[in-house]
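I have placed the structure first, in the form of structure tokens, so that the comments after it can refer back to it.
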Amino acid sequence: MATSYLEDDDPPPYIAANHNDADEIVQPVILILAGHFIRAQTADGTPLYELSRDIRATSTSEARLAQVSLERLIHNVRVSASGMPRTSHRSRHIFELKHLPRVISTGYPYCLDAMSRHTIGNLALKSASFPRSGFKIVKIQPEKEDGFPKGYRARRESLKEGEMLFEVVKKRGHYEWMHPEGNRIAVDDETEGQLRLVVTAPVTRKTMDAMIGGWCLRIWRDSIKSNNEPRKART
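Counting along the sequence shown from 1, when you hit position 193 you're at 299 in our numbering, and nothing is skipped either side.
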């Protein structure tokens, strides 16, 4: 039986998005990764996000260097002049997931490039320092470097780490997503082969988008490690 992290009287799983929705509050929800869709774990399984490909699929050497697009699917319900509800659907490209080889990764091989002004910004996955297990999702921004010879433009720009958005602590069989202030806001687990993100606290829409992006980045990283690299302890 799946572990329940939400109370029985939790509010509806999501609020319909509108044009200026970055600071809108999203209520607790259980999300599942199903192929290249992220769906609400509800009766209708509403798709809320879409990836450009399945990040759990076995990766070839070429795919390891590819980007993966992440879009939020927006469902708006409006009432027509006749009084009938009409649902419109559109998507918003929010992040590009990137996995860069060590030679050009500037210390952050797994990154999220922001593709919308409504997002928090560019982010990266940073492994926790020993002896802690888990990782952090941090803000990053480009920082010019000197000292490289001409012709090395791709390496003249490094990444500067900014504030931490989430500390993700690995527990037995799951991850706990913690706000910088120390309170848990989500649990990331796998039940009967189904990957879930159980959001346990209300968050802003832009925080939810960043958490979804970080969750996908973690899954992609683990898939790449398990399929293409020698077996070793994961962070």
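For each residue, glycine too, the CB sits at the ideal point set by N, CA and C.
Return the bridge partner residues of F363 from the DSSP annotation. Because the chain here runs from 107 to 341, residue 363 falls outside it and cannot be looked at.
Burial state of G320 (16 or more Cβ within 10 Å): buried
Range of the contiguous beta strand (DSSP E) that encloses H280: H280 to M284
Under 9 Å between the Cβ atoms of A234 and E273? yes
Could you tell me which residues DSSP puts in a beta bridge with D294? Y281 and L303
Which partner residues does Q133 have in the DSSP bridge list? Q133 is not bridged to any residue.
Nearest CA to the CA of A128: which residue from L229, A149, V135 and R178? R178
Cβ neighbour criterion (16 or more within 10 Å) applied to F201: buried
Hey, could you find the ends of the beta strand (DSSP E) E156 is sitting in? P153 to L157
Straight-line CA distance for V309 to M190? 31 Å
Go through its chain and collect everything with a Cβ distance to C322's Cβ below 7 Å, but skip five positions before and after it. L157, I161, L176 and L203
Could you tell me the distance, in whole angstroms, from the CA atom of S329 to the CA atom of H181? 30 Å
Considering only the alpha carbon of each residue, which of A307, M270, T313 and F241 lies closest to Y281? F241
So does the segment 220–227 actually touch the segment 290–304, counting three or more Cβ pairs closer than 8 Å? no
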